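Protein chains in written order, with the numbering used here: chain A, 2 to 224; chain B, 2 to 240.
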Amino acid sequence: MLEVVTRENRHLYGDALEQMYRLRHRLFVEHMKWEGLRRPDGREIDQFDNDDAIYLLLRENGEVTGSHRLLPTTGPHLFSEVFTDMCEQKGRQVGPRTYELNRTGTDPLLPRDRQLQGMRLLLVGLMEFSYRAGIEKLTLLTPLHTLYHCLMAGVQVKPLGLPKKMDEERQAPVCFITDETSLSNVRDYFHLHDSIVRYLGTSAGDNATYRIPAATPLHVAAE
Amino acid sequence: MLLTDAAFEFIEDLDRQTDTSSLLNSFQLLISKYGFSGYCIGDPSNPHVYRKDRVWGVTWPEGWLKRFADQRYQLVDPLIRHMGTTSEPFRWSDVRAGAGPVALQVLDEATEFGMNDGFALPIYGTDGAMIGVTVAAEHYELDKRDEAALHMAAIYFHAKFSRFRMRNPPIPKVSKLTPRERECLSWVASGKTDWEISQILNISEQTAHEYVQNAITKLNATTRAQAVAVAMLTRQILQ
Chain A
2 MLEVVTRENR HLYGDALEQM YRLRHRLFVE HMKWEGLRRP DGREIDQFDN
52 DDAIYLLLRE NGEVTGSHRL LPTTGPHLFS EVFTDMCEQK GRQVGPRTYE
102 LNRTGTDPLL PRDRQLQGMR LLLVGLMEFS YRAGIEKLTL LTPLHTLYHC
152 LMAGVQVKPL GLPKKMDEER QAPVCFITDE TSLSNVRDYF HLHDSIVRYL
202 GTSAGDNATY RIPAATPLHV AAE
Chain B
2 MLLTDAAFEF IEDLDRQTDT SSLLNSFQLL ISKYGFSGYC IGDPSNPHVY
52 RKDRVWGVTW PEGWLKRFAD QRYQLVDPLI RHMGTTSEPF RWSDVRAGAG
102 PVALQVLDEA TEFGMNDGFA LPIYGTDGAM IGVTVAAEHY ELDKRDEAAL
152 HMAAIYFHAK FSRFRMRNPP IPKVSKLTPR ERECLSWVAS GKTDWEISQI
202 LNISEQTAHE YVQNAITKLN ATTRAQAVAV AMLTRQILQ
C-alpha cells in the first residue's frame, strides 16, 4: 500500500517520515553517491521537506520501504530553484495542477526482487494518486533507463529538454501526463488493477481521497 | 538547434503512429535529417544465443544483411559486443581501438556498403539486458546536443516499438499443417498421448505419432509443447 501524507495528516506520520529521511540517505547518498546531500545525522532532508510537500510512502508491515515526494510547482521546487536551466527545449511546466516529483525510490538494502516490486507499486500508485487527486502533470528529472521503463509501462511522457550527464547517469527533464489513460496503461502493464493508495487519518475516514486545492470539485469531475 | 527540434517533433508525433511501418518510416526520416542512411533496432543481448527475432527493423543494404547472416557475424561484431556492456551511446569508430582482427574485418567489410561509421544507442532494457538502436552513415558530424537528442528519440522509438510488439507479438512464418496434423496436435494440446489419440481418431498409434512428428517438423519445433505453442500462435489450432 501507498500512504498519502499531506499537511492534514502528517502529525500521524512522524516516525514514518523519519524512516523515510533515513531511507533517502541510504539511497541517494550512500548508494547513489549524491555527496551534496550527505548529512552527519544520516537523514536526507532539505528545505523542500515542509508542509507543502506531499509524500507517498510505500509501507510494508509498518515499515517504509519506498517513497515519492511531490512539490507544488506554484511554490519553490527543484526545477525553479536548483535545476533551473534544464527544461531548455519546452520550458518549465508550472501551474496549480502541475506538481514536481522528486526523491523517488526504494530502500537499496532490500533484495533486488523486492526493490523491483516496490518500484512497480510506486509507479502504479503514483498514477492512481495523481489522477484521483486532480493532478494533470508531474514534472521530474529522470534517469534514461527509468524513462524507458515508464514508456514501456505506458505512461505518457513528454520530454522538456535534452538529457544531461549528471554524476554517472544521464537524466532527462520530462513531464508525465497523469490522466486516466496513463493510469489504465500502467495497471494493465503490471497486472495491478486494485486501488493501492490510502489517505488515512482525516475526518473523511479511511476511504478518503486527497484532492489538490486546484482540482475540479469531485461532483463536477468525471471520475 | 534545428536537429534537436526534429528529434522533439519525432517524439511528439509518436502519438499519431498507429502501426510499425509508419513508425519505422518516421524514424528513417528523422535519422536522414541527422545524416544517417540506415538504422537497426532490436535486441542484441547475448549474441551467442540463437534467436530469430533479434532484429525488429533494419534498413541496412540487402547485400550487407545477407553477408552478415551468412557469415554469422553477430558472433564477432564488435558493435554488438560493446553494446552489451555499456549504457553510454558510442561512435562505431570508437570500438576500433579495442577490436581484434576478426572484429575489425566486420567493420571494414561494412564500409563496402557505405557504412563507414555510425552511432550506437544502447538502452537498459526492462529485464536488465542491453537492447538498442544503431544508425549508420558514410560520414557524420554531430555535436553533443544532437547526440543527446538522438539518444532520447531512440529511447522513445524503442519503447513505442516494444509496445506495438506487446500488443501484436510477431507471428512466426511456418508451413501450413494438414487437417489431420491439426487434429492430432489439438489432442496433444489437450494432454493426450499418441496411443490416446489413436483410440480417439481410430487410427494406429504409429500413424498418430507420425502426424504429430510431421507437425513438429513443419513448425520448426523440437518438442510437442513447442509445436502446440507455435500452432496456436499461427492460429492453426484453437487456443
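Positions of the beta carbon are idealized from the N, C-alpha and C atoms, including for glycine.
Small disclaimer: the values here were computed from a predicted structure and weren't measured.
Within the stretch 153 to 168 of chain B, those residues whose Cβ lies closer than 8 Å to any Cβ of chain A are, in chain order, M153, I156, Y157, H159, A160, K161, S163 and R164.
When the five nearest sequence neighbours on each side are left out, the beta carbons in the same chain lying within less than 8 Å of the beta carbon of A:T66 are those of L24, L59, R60, T107, D108, L111, R115 and G119, in order along the chain.
Only those residues of the stretch 103 to 131 of chain B whose C-beta falls short of 7 Å from the nearest C-beta of chain A are listed: I124, Y125 and T127. Using a 10 angstroms sphere on the CB of A:N62, the tally of other CB atoms stays under 16, which defines it as exposed. Contact of B:S23 with chain A by beta-carbon distance below 8 Å is absent, the smallest such distance being about 18 Å. B:P48 and B:A104 have their alpha carbons spaced roughly 14 Å apart. With fewer than 16 neighbouring CB atoms inside 10 Å of its own CB, B:S23 falls in the exposed class. For A:G76, no Cβ of chain B is located within less than 8 Å of the residue's own Cβ. Under the DSSP assignment, B:Y40 falls in the beta strand (DSSP E) whose first and last residues are G39 to G43. In the displayed model, A:L201 falls within coil according to three-state DSSP, outside both helix and strand. Taking all protein chains in view, the Cβ of B:D195 is crowded by 16 or more other Cβ atoms within 10 Å, so the residue is classified as buried. Among the CB atoms of chain A, one or more fall inside 8 Å of the CB of B:F9. Assignment of beta-bridge partners to B:D118 by DSSP yields B:A138.
B:K219 carries a helical assignment under DSSP once its states are collapsed to helix, strand and coil.
Closer than 8 Å to the CB of B:S88 there is at least one CB belonging to chain A. Checking the DSSP bridge columns, you'll see A:H146 has no partner listed. Taking one beta carbon from each stretch, the stretch 198 to 213 of chain A and the stretch 126 to 133 of chain B have fewer than 3 pairs nearer than 8 Å; the two do not touch. Cβ neighbours of B:M84 within its own chain (closer than 7 Å, five residues either side excluded): P45, A121, P123, M131 and G133. A contact is defined here as three or more CB-CB pairs under 8 Å, and the stretch 73 to 90 of chain A meets this definition with respect to the stretch 42 to 53 of chain A. Restricting attention to B:R82, B:R164 and B:F114, the CA atom closest to the CA of B:G99 is found in B:R82. A contact is defined here as three or more CB-CB pairs under 8 Å, and the stretch 200 to 218 of chain B fails this definition with respect to the stretch 147 to 159 of chain B. Looking at the backbone, the Cα of A:G135 and that of A:I213 are separated by about 6 Å.
Counting along the chain, the unbroken beta strand (DSSP E) around A:R104 starts and ends at T99 to T107. With fewer than 16 other Cβ atoms inside 10 Å of its own Cβ, B:N169 counts as exposed. Listed in chain order, the non-local C-beta contacts of A:E64 below 8 Å within the same chain comprise Q20, local neighbours out to five positions each way being set aside. Contact check for A:A173 and A:L127: beta-carbon distance about 18 Å, past the 8 Å limit, so the pair fails to qualify. Excluding its 5 nearest sequence neighbours in each direction, A:R39 has C-beta neighbours in its own chain below 7 Å: V30, listed in chain order. Here B:A216 has L178, E182, L186 and A228 as same chain residues with Cβ atoms under 6 Å from its own Cβ, once five neighbours each way along the sequence are excluded. For A:M21, the enclosing alpha helix (DSSP H) begins and ends at G15 to R25. Contact between the stretch 16 to 33 of chain B and the stretch 160 to 176 of chain A is absent, with fewer than three C-beta pairs closer than 8 Å. Look at B:P90 here: in three-state DSSP terms it is coil, with no helix or strand label. Judged by DSSP secondary structure, B:K161 falls within the alpha helix (DSSP H) whose first and last residues are K145 to R168.
Positions of the alpha helix (DSSP H) runs, each at least 4 residues long and wholly inside the stretch 115 to 188 of chain A, are given as 145 to 153 in order along the chain. From the beta-carbon of A:G155, the residues of chain B found nearer than 8 Å are R164. Contacts between B:T5 and chain A, judged by CB atoms closer than 8 Å, involve Q90 and L163 in chain order. Taken in chain order, the members of the stretch 139 to 151 of chain B whose beta-carbon sits within less than 7 Å of a beta-carbon on chain A are R146, A149 and A150.
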